[in-house]
Amino acid sequence: MQKDFVSIADLTIDEIDEIFRLSAHLKKEGKEGKEHHLLKNRTLAMIFEKPSLRTRVTFETGMVQLGGHAIYLGPKDIQLGERESIPDCARNLSRWVDCIMARTFTHSTVLELSENATIPVINALSDKEHPCQILADFFTILEHKGRLDGLNIAYIGDSNNVCNSIILFSSIYGLNLRIASPKGYEPHTSILNEANKMQTATFELMVFNKPESAVKDADVIYTDVWASMGQEDEKIKRLKIFEDFQVNTDLVSKAKKDVIVMHCLPAHRGEEITDEVIDGPHSVVLDEAENRLHTEKAILVKLLKAA
Ligand code: CP
Ligand code: NVA
Numbered sequence: 033m034q035k036d037f038v039s040i041a042d043l044t045i046d047e048i049d050e051i052f053r054l055s056a057h058l059k060k061e062g063k064e065g066k067e068h069h070l071l072k073n074r075t076l077a078m079i080f081e082k083p084s085l086r087t088r089v090t091f092e093t094g095m096v097q098l099g100g101h102a103i104y105l106g107p108k109d110i111q112l113g114e115r116e117s118i119p120d121c122a123r124n125l126s127r128w129v130d131c132i133m134a135r136t137f138t139h140s141t142v143l144e145l146s147e148n149a150t151i152p153v154i155n156a157l158s159d160k161e162h163p164c165q166i167l168a169d170f171f172t173i174l175e176h177k178g179r180l181d182g183l184n185i186a187y188i189g190d191s192n193n194v195c196n197s198i199i200l201f202s203s204i205y206g207l208n209l210r211i212a213s214p215k216g217y218e219p220h221t222s223i224l225n226e227a228n229k230m231q232t233a234t235f236e237l238m239v240f241n242k243p244e245s246a247v248k249d250a251d252v253i254y255t256d257v258w259a260s261m262g263q264e265d266e267k268i269k270r271l272k273i274f275e276d277f278q279v280n281t282d283l284v285s286k287a288k289k290d291v292i293v294m295h296c297l298p299a300h301r302g303e304e305i306t307d308e309v310i311d312g313p314h315s316v317v318l319d320e321a322e323n324r325l326h327t328e329k330a331i332l333v334k335l336l337k338a339a
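Residue 339, in the working numbering, is where the sequence shown stops; the numbers in between run on with no holes.
Here it is as structure tokens:
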């Protein structure tokens with residue numbers, strides 16, 4: 033494993049498989065009441081420039097379950113880059129704790145932390161990627177479908193950080209990915225170039241401007257908010273632009289009968305997804321949320337055992 037987990041592209045297919053195996057093991061034995069103090073007395077510093085429910089709770093709970101602990105550093109605590117430079121923050125934390133997890137506005141902040149820290153740095157969401165989320169999501173798909181190979185994944189909505197990580201994962205794993213976004217909100221060329229550089233032979237990506245085209249024969253339908261954190265002032269404008277990109281019962285009926293519907297959460301019910309779908313029989317959103325815990329424990333063990 034590389035020192036850091038900043039991007040899905042930091043992992044090879046073998047490393048992803050290893051993380052999934054360890055996640056399944058920790059999940060199963062954890063539910064049987066077995067303790068795994070694999071990170072006894074180790075400390076994780078968690079830097080948050082943005083709000084969080086799932087990421088904060090799963091990383092902190094994960095560290096405690098592994099015998100260590102976590103320290104929450106919110107925006108007002110350290111004022112990253114204002115009270116102190118990003119490199120100075122990374123160098124100081126490296127003297128006290130064993131790992132840094134960071135949720136930042138710009139991706140360059142996570143990169144600057146990783147370049148200046150001597151301990152592992154984990155990207156817990158930046159404007160470019162959300163790699164921890166996507167590991168949990170594909171682990172969830174594997175649990176529900178029993179395989180990843182040959183599945184048709186449809187992503188509907190904004191080609192944002194979550195979508196970028198799905199693109200990179202799909203290119204490493206050689207999956208069929210169909211994205212439907214409004215004109216002007218399709219994936220950036222830079223992420224497509226990155227994906228093309230690493231792709232395995234079976235990777236197939238199609239981009240549409242109509243959700244119906246992307247969900248045809250889909251095994252998985254994935255959606256996310258139309259305005260991500262940091263884009264709040266575009267919310268009203270985006271509500272209009274994305275109105276035809278809602279994942280609702282009609283759209284789900286156009287996919288395979290056993291399609292699963294995914295959302296990283298938090299969801300804006302009634303916007304990108306309806307209550308009926310998110311609370312309905314195809315939805316696996318709470319499995320995704322639960323699996324954040326199990327996959328993040330596996331990532332922490334892999335990074336910290338190697339460090
Ligand atoms: N999905 C996710 O990262 O949730 P939070 O923003 O609540 O951490
Ligand atoms: N794309 C969303 C994901 C939230 C977990 C955001 O960045 O706000």
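Beta carbons: idealized from backbone N, C-alpha and C, even for Gly. This structure is a prediction, so every number in the text was calculated from the model and none was measured.
Beta-carbon proximity of residue i to residue j, cut-off 8 Å
| i | j | result |
| --- | --- | --- |
| leucine 200 | alanine 227 | yes |
| glutamate 328 | phenylalanine 91 | yes |
| leucine 283 | glycine 94 | no |
| phenylalanine 37 | leucine 335 | yes |
| phenylalanine 274 | proline 243 | no |
| glutamate 175 | asparagine 208 | no |
| aspartate 319 | threonine 136 | no |
| asparagine 323 | alanine 134 | no |
| serine 191 | serine 213 | yes |
| valine 252 | isoleucine 188 | no |
| isoleucine 310 | alanine 321 | no |
| asparagine 124 | aspartate 159 | no |
| histidine 314 | threonine 255 | no |
| isoleucine 118 | leucine 145 | yes |
| alanine 259 | lysine 272 | no |
| serine 203 | glutamine 231 | yes |
Residue i, buried or exposed, once every other Cβ within 10 Å from all chains shown has been counted against 16
| i | result |
| --- | --- |
| arginine 270 | buried |
| arginine 179 | exposed |
| glutamate 264 | exposed |
First through last residue of the beta strand (DSSP E) which encompasses residue i
| i | result |
| --- | --- |
| valine 239 | 236-240 |
| isoleucine 132 | 131-135 |
| valine 293 | 292-295 |
| asparagine 155 | 153-155 |
Beta-bridge pairing of residue i - partner residues as DSSP gives them
| i | result |
| --- | --- |
| tyrosine 19 | Any answer about residue 19 is impossible in this case: the structure gives the chain only from 33 up to 339. |
| tyrosine 187 | Ile211 and Tyr254 |
| alanine 287 | The partner list for alanine 287 (beta bridge, DSSP) is empty, contrary to what the question assumes. |
| isoleucine 305 | Val279 and Arg301 |
| glutamate 328 | Partner(s): none; glutamate 328 has no beta bridge. |
| leucine 112 | Glu116 |
| phenylalanine 37 | Ile154 |
| serine 315 | Val293 |
Proximity test, Cβ basis, 8 Å: residue i and chain D
| i | result |
| --- | --- |
| alanine 212 | Note that chain D does not occur in the displayed structure, where there is just one protein chain. |
Span of the alpha helix (DSSP H) around residue i
| i | result |
| --- | --- |
| alanine 168 | 163-177 |
| valine 142 | 139-148 |
| threonine 87 | 86-97 |
| aspartate 49 | 45-63 |
| serine 264 | Note that residue 264 is glutamate in the sequence shown here, rather than serine. Unbroken run through glutamate 264: none, as it is neither H nor E. |
| glutamate 218 | Element bounds for glutamate 218: n/a, residue is neither H nor E. |
| alanine 246 | 243-247 |
| asparagine 193 | 193-205 |
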